[in-house]
Amino acid sequence: MENFGFILPTEIQFGAGAVTAIGEEIKNRGYKNPLIVTDKGIIAAGIINIIGKHIKDAGISYEVFDGIVPNPRDHDCDKGAAYAKEVGADVLVAVGGGSAMDTAKTIATIMTNGGCARDWFDVELDAQSAPVICVPTTCGTGSEVTFNAVITNSDTRLKANIFDPKCAPILALVDPELIKNLPAGLVASTGIDALTHAIEAYVCTVATPITDAISIRAVKLIADNIVKATKERDDQALWNVMLASMMAGIAFGNADTAGVHCIAECFGGFYDIPHGVTNSIFLADVSEFSIPGNPKKYAEVAEAMGVEIKGLSEEEAALKGVEKIRALCDELEIPKLNTFDAIDPKDFEHLAQASSVHCCNEHNPIEATKEQYLAIFEKVYGA
């Protein structure tokens, strides 16, 4: 038996219509100058108009920073921090996927700690970040309940982390109604992104009894609902996948992710491929590679995904789980790695080395070498 800790600094309000509380939440907490941090796509979809109305109904005006990009760069965050200072923001409202929420957490860090984004990569923060309220609009990232922000270093084109409970959002308003109109491909890739979070939180070497309970439940919710959520837009299925995404964020925030994320963060920063898509592409093969490191837990993952494991050995059951992941990704039409024009196998050796020294690699059930990552890349690219 080993001692463990658990921390969740973020208050959660979950459910249909949760976002309608945004104005009163800002008002009741004493904030007067909110800055909405989002992207142009969210604005075009009309979501900011809805949120903005709820804020105005509480008698509060707001500003908008819409400079969010996928796989946000350090300089994007620095621009956002400068704008927050210019308009005198006292609370940030992050509306969007992981990029918006991670950017907002980084802006908030700079607002109270000074300097620029790079100054706070992989170091303890000096001060509590400015308050952030998160409104997720995808069902994958879990960033609304984590105390880290993943940002691309624009010089190295690799991702780095701001990781400290002092940058945790103060409030997450998680509203399944906000994902009803997402494109099917985005529901699919962000849903498998959440499945990746849940599986890796469960099998990683720093999992705890609490994170195990949360993550394995999230695995089941996603496996049971992601196809129906994507293809039928069933309200209960969307609710369940959104819930699982948040739960997976809580789990990996207190445990860790593992080998899939070592790859996804390196490929995402280098090629600017969406994080959820990259996780989805590599989840099955990294899981298959990692099974010998913890066959029991991978067998339990398979069972949670609905695989009949009676009469099978742990290794056999675990491999059936990998088959289930592959089948889900095929049914959801997750793209293949070799369909991306940006991908060049000449880069694989560099990315394999980066993956092998990624901070999550030591927590994978098998700590992979550069050569092992390279073999995975070549296998997945040739599939």
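The numbering of the sequence shown is this note's numbering, which starts it at 1185 and goes up by one.
Positions of the beta carbon are idealized from the N, C-alpha and C atoms, including for glycine.
- prompt: With a CB to CB cut of under 7 Å and the five nearest residues on each side skipped, what residues in its chain are close to ILE1363?
  reply: For the purposes of this step, residue 1363 is identified with residue 179 of the sequence shown, where counting begins at 1. Answer for ILE1363: THR1321, THR1322, CYS1323, VAL1371, LEU1422, MET1426, listed in chain order.
message: Can you look up LEU1276 in the DSSP assignment and give me helix, strand or coil?
response: Taking the sequence shown and counting its residues from 1, the one referred to as residue 1276 is at position 92. Residue state, collapsed to three classes: strand.
- request: Tell me the start and end of each unbroken alpha helix (DSSP H) in the segment 1413-1457 that is at least 4 residues and wholly inside, in chain order.
  value: 1419-1438, 1443-1455
Collapsed DSSP secondary structure at PRO1320 in the structure displayed: Locating residue 1320 in the sequence shown gives position 136, where the first residue counts as 1. Three-state DSSP puts PRO1320 in a strand.
query: CA-CA distance, VAL1403 and GLY1214?
result: Counting from 1 along the sequence shown, the entry for residue 1403 is found at position 219. Counting from 1 along the sequence shown, the entry for residue 1214 is found at position 30. About 38 Å.
message: DSSP has ALA1345 in a bridge; who is on the other side?
response: Here residue 1345 refers to the residue found at position 161 of the sequence shown. Checking the sequence, you will find Asn at residue 1345 rather than Ala. Note: ASN1345 sits in a beta bridge opposite VAL1334.
message: Just to confirm before moving on: does the CB-CB distance between VAL1275 and VAL1221 stay below 8 Å?
response: Locating residue 1275 in the sequence shown gives position 91, counting from the first residue. Locating residue 1221 in the sequence shown gives position 37, counting from the first residue. Cβ distance not < 8 Å, so VAL1275 and VAL1221 don't count as in contact.
- prompt: Under 8 Å between the Cβ atoms of VAL1444 and ASN1424?
  reply: By one-based count along the sequence shown, residue 1444 stands at place 260. By one-based count along the sequence shown, residue 1424 stands at place 240. Cβ atoms of VAL1444 and ASN1424: not closer than 8 Å.
field: PRO1218 in three-state terms, based on DSSP
entry: Position 34 of the sequence shown, counting from 1, holds the residue named residue 1218. Three-state DSSP puts PRO1218 in a strand.
- request: Please say whether ILE1232 and VAL1248 have beta carbons closer to each other than 8 Å?
  value: Position 64 of the sequence shown, counted from the start, is the residue given in the question as residue 1248. Position 48 of the sequence shown, counted from the start, is the residue given in the question as residue 1232. Going by C-beta atoms, VAL1248 is nearer than 8 Å to ILE1232.
query: Could you give the distance in angstroms between the alpha-carbon of LYS1305 and the alpha-carbon of LEU1192?
result: Counting from 1 along the sequence shown, the entry for residue 1305 is found at position 121. Counting from 1 along the sequence shown, the entry for residue 1192 is found at position 8. Looking at the sequence provided, one finds Phe at residue 1305 rather than Lys. Distance between the alpha carbons of PHE1305 and LEU1192: 21 Å.
field: Beta-carbon separation (whole angstroms), ILE1239 vs VAL1358, contact threshold 8 Å
entry: Looking up residue 1239 in the sequence shown gives position 55. Looking up residue 1358 in the sequence shown gives position 174. Actually they are not in contact, since the Cβ atoms of ILE1239 and VAL1358 sit about 18 Å apart, beyond 8 Å.
- prompt: alpha helix (DSSP H) containing ALA1202: first to last residue?
  reply: The residue given as residue 1202 occupies position 18 in the sequence shown. Counting along the chain, ALA1202 falls outside any alpha helix (DSSP H), and DSSP gives it neither H nor E.
message: Going by DSSP, what residue range makes up the alpha helix (DSSP H) through LEU1535?
response: Here residue 1535 refers to the residue found at position 351 of the sequence shown. Here the alpha helix (DSSP H) through LEU1535 covers 1532-1540.
- prompt: To the nearest angstrom, how far is it from the Cα of THR1374 to the Cα of GLU1562?
  reply: Your numbering for residue 1374 matches position 190 in the sequence shown. Your numbering for residue 1562 matches position 378 in the sequence shown. Whole-angstrom Cα-Cα distance: 24 Å.
query: Residues in its own chain within less than 8 Å of LYS1269 by CB, not counting five upstream and five downstream?
result: What you label residue 1269 is simply residue 85 of the sequence shown in a count that begins at 1. Cβ within range, chain order: MET1295.
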